[in-house]
Structure formats: C-alpha cells, structure tokens
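Here the sequence shown is numbered in this note's numbering, starting from 338 and rising by one per residue. C-beta atoms are modelled at their ideal positions from N, C-alpha and C, and glycine is treated no differently. Remember, predicted model here, so these are calculated numbers, not experimental data. Some notes on the structure that comes next.
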Amino acid sequence: MAKYISTYACQINCPTERQSWMYETDNLPDFNEMMDEVKKWSNQNNKYLIRHTITHNLLLMGKTRAGKTTIAKVIENPCYIPPDGKIYSETKQISVHSVSTTLINSNNIYSFNVIDTPGMFDKVKQQNKTIKNDKIKRTIDKCMEQDVTNIHLFAFVINLQTNLDIEDIYSMIFVKENYPFLHEYICLIVTHSEETNWQQREDKINDFFQSDLVQKNNLKNFFGKKIFFMGSLRPELVNYPNKQSVRQQIINVHQMRDIFIDYIIHLDSNHFFNIHHVDISNTCHLL
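See the structure below:
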C-alpha cells in the first residue's frame, strides 16, 4: 500500500512535460491565459469525464410476436438474433430495457428506456370493444415502479410480412378513438423488414394504408409521417449459415436502426406524455 501511495504521489507531484507549467515562475499572468492552462491540465488529468445525459422513454405496444422484444434487443445490439419462433417463449411480464449510446464526436450520452409490453392488444377483435382494463393498469404500474412515467414516444408495432391482420387494425382504431391525444407522441413500426429493400417496404405500407378499414378510420393521418421499419438477423442463420444473406440483413438492420435511433435522440426530451394522465376508469371495460 505504501509503495502504491508513493508512486501515485509521484505521478501528481513530480514534474512531467505536461505538468511543467505548474512549476513555472509566476509573472502576474493574464487570467484567461491562466485558465486556459488550468483547463488543459485538468482535461489531461481528469479521470472521470462527466457528460450530459439525455434520456428518452419509449413504450412499445402491439400484438404478441409482432417483434416488440426484438426491437428493444436490436436497439442495444444490431447483431442480435431472436430465438426461433417455434421455441420462442412469449413475453409474460412488462419489462424495461435501459441502454445508452453516444454519437461520434458528441459529448452527449443518449439513454433509452424501452418499455416492452406483453401482447397488450391481443384480444381486440371488434371496433366497439376494448382491451382488458388490468393490462393497461399493469403497464402504468410497472412504469411507475421503474420511475418511467414521462413517455416521449409510443410505438405501435406490426408485422406486415404475412397477410394483413384485421386485429392489428382494430387495435389501432382502439388507440385512436380512446387516446386521440397520443397523436403527437405515437409512431408506427413495421418489423421483420430485414430481407426487403426500401421500395418493397414502401409498397407494403402503402398497401396497408389503402385498405378500406384503414382508410375509413383515417389511420394514416393518426400516425402521420412517423413510420419506421425494423428487423433483425434471421434465426435460420444459426442452423443454416449464409454469408450472402447475413451481409444483406446486417446492412438493412443497421440502416433501419440508425434512422429510428436518430429520430429518437432528436426528440425534445422536455416534450412528453405523462402516463398519470391516462384515465382507465371510464374508457376501458373488461372483455
């Protein structure tokens, strides 16, 4: 211990090239020049560099197996490979994924709290029915427990890989009719897009918004231009490695992920919806 202290003391007290200014003769220095030297020395010797942290809270909602958990995982790690659908265990509990990132040449740290809800809209079947009251309450309670009550972005997650799912549409209608004030905070994320190009994705979403029920309920305007695509490396790669496939998938995953994260970090962190404002007593009924 004594040897360590002595060595450390020498590191601080023994003159080095970058510390030599401390031992120069004082000649009534100019204040600004003096402080420039102080800051230079401090930056060189600052063991704990403190950066400004900007936090955004994102709540994912949608049907089971739409890809909500995968979105949270891919935000954290673009090389994430989800389990095969045949053995995939559905999300049973509301979970909060907390991750942080920095931009190259930026002094800011961007922190994300991604709230993953377990199949919140699975049971919406008709336009005049609502989801279970206790599911919304559990989501709000979990957010309060984690002290994540100011939501900057609600993301409705759908999978357009297969045929149009009527339950997805009824779920969106439910949100639009019961929570119209979420219009400025909500976006649409289309998952399983890792093997499609931009034109194919645009065609898919245009077909979706041109369907009769979607047009009738003006869902396109509800989401506005806040439409994003996400994907992940395919689980099939584990058993059937394919370099050509994985190259194209990882390029697509990175491009889509960059666009989505870029949108989030540029949201005004002081502009959010507080979940305490959700009144579940008079809008939701048990099925």
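(request) Tell me, please, which residues DSSP counts as bridged to Y447. (result) As a first step, residue 447 is located in the sequence shown; it is residue number 110 there, counting from the start. Partner(s): I391 and T438.
(message) Going residue by residue through the region 532-575, where are the continuous beta strand (DSSP E) segments of at least 3 residues, counting only ones entirely within it?
(response) If we require 3 residues or more, the beta strand (DSSP E) runs fully inside the region 532-575 come out as 564-566.
(message) Taking the alpha carbon of Y600 as the reference point, which residue from A403, Y385, R402 and F491 has its own alpha carbon closest?
(response) What you label residue 600 is simply residue 263 of the sequence shown in a count that begins at 1. Minimum Cα distance to Y600 is reached at F491.
(request) Identify, in the order they occur along the chain, each residue of the same chain with its Cβ nearer than 6 Å to the Cβ of Y341, setting aside the five sequence neighbours on each side. (result) Counting from 1 along the sequence shown, the entry for residue 341 is found at position 4. Any answer about Y341 is weak, because its pLDDT of 40 lies below 50 and its placement is not dependable; what the coordinates show is given next. The answer is none, since no qualifying residue turns up.
(request) Quick one: residues in its chain with C-beta nearer than 8 Å to the C-beta of N450, no 5 flanking neighbours on either side, listed in chain order? (result) Numbered from its first residue, the sequence shown carries residue 450 at position 113. Counting only Cβ-Cβ distances below 8 Å, and skipping sequence neighbours, we find T392, H393, N394, L395, V433, H434, S435, Q483 and V485.
(request) Please determine, among L497, T528 and P420, the residue with the shortest C-alpha to C-alpha distance to F597. (result) Working through the sequence shown from its first residue, we reach residue 597 at position 260. Nearest of L497, T528 and P420 to F597, Cα basis: T528.
(message) By the DSSP assignment, the alpha helix (DSSP H) with F597 in it spans what residues?
(response) Counting from 1 along the sequence shown, the entry for residue 597 is found at position 260. Unbroken alpha helix (DSSP H) run through F597: K580 to I602.
(request) Count the other C-beta atoms from every protein chain shown that fall within 10 angstroms of the C-beta of S530, then say buried if there are 16 or more, exposed otherwise. (result) Residue 530 sits at position 193 when you count from the first residue of the sequence shown. Counting Cβ neighbours within 10 Å, S530 comes out buried, since at least 16 surround it.
(message) On the DSSP letters alone, give me the boundaries of the beta strand (DSSP E) that N515 sits inside.
(response) Taking the first residue of the sequence shown as position 1, residue 515 is located at position 178. Segment I503 to N515 is the alpha helix (DSSP H) holding N515; no beta strand (DSSP E) there.
(request) Check whether the Cβ atoms of I506 and N554 sit closer than 9 Å, and answer yes or no. (result) Taking the sequence shown and counting its residues from 1, one reaches residue 506 at position 169. Taking the sequence shown and counting its residues from 1, one reaches residue 554 at position 217. Result yes, Cβ atoms of I506 and N554 sit closer than 9 Å.
(message) Is F560 near the ligand PLP - that is, is its Cβ less than 8 Å away from at least one heavy atom of it?
(response) Inclusion of the ligand PLP in the displayed structure is not the case, the ligand content being empty and no account of it being possible.
(message) What residue range does the alpha helix (DSSP H) around F368 cover?
(response) Translated into the one-based positions of the sequence shown, residue 368 becomes position 31. Judged by DSSP secondary structure, F368 falls within the alpha helix (DSSP H) whose first and last residues are F368 to N382.
(message) With three or more beta-carbon pairs closer than 8 Å as the criterion, would you say the region 574-591 touches the region 556-563?
(response) Because the criterion of three Cβ pairs below 8 Å is not met, the region 574-591 and the region 556-563 do not touch.
(request) Have a look at T499 and N380 and give me their C-alpha separation to the nearest angstrom. (result) Here residue 499 refers to the residue found at position 162 of the sequence shown. Here residue 380 refers to the residue found at position 43 of the sequence shown. Cα-Cα distance, rounded: 55 Å.
(message) According to DSSP, is A403 part of a helix, a strand, or is it coil?
(response) Translated into the one-based positions of the sequence shown, residue 403 becomes position 66. DSSP places A403 in coil when its eight states are reduced to three.
(message) Tell me which residue opens and which closes the beta strand (DSSP E) that T528 is part of.
(response) Counting from one through the sequence shown, the residue named residue 528 turns up at place 191. Boundaries of the beta strand (DSSP E) harbouring T528: I523 to T528, taken from the DSSP string.
(request) Sort Q585, M509 and T454 by Cα distance to T407 and report the nearest one. (result) Residue numbering aside, residue 407 sits at position 70 when the sequence shown is read from its first letter. For T407, the nearest C-alpha among the options comes from T454.
(request) Report the residue from F546, Q581, V375 and V494 whose alpha carbon sits nearest the alpha carbon of F566. (result) As a first step, residue 566 is located in the sequence shown; it is residue number 229 there, counting from the start. Cα-wise, what sits closest to F566 is V494.
(message) Rounded to whole angstroms, what is the Cα-Cα separation between Y669 and V583?
(response) Missing from the structure shown is residue 669; the chain here goes from 338 to 624 and no further.
(request) Output the distance between the C-alpha atoms of S437 and P366, rounded to the nearest integer angstrom. (result) Sequence index remark: in the sequence shown, residue 437 carries index 100 (1-based). Sequence index remark: in the sequence shown, residue 366 carries index 29 (1-based). So the two alpha carbons sit approximately 42 Å from each other.
(message) Just to confirm, is the Cβ distance from R594 to V411 under 9 Å?
(response) For the purposes of this step, residue 594 is taken as the residue at position 257 of the sequence shown. For the purposes of this step, residue 411 is taken as the residue at position 74 of the sequence shown. Between R594 and V411, the C-beta spacing is below 9 Å.
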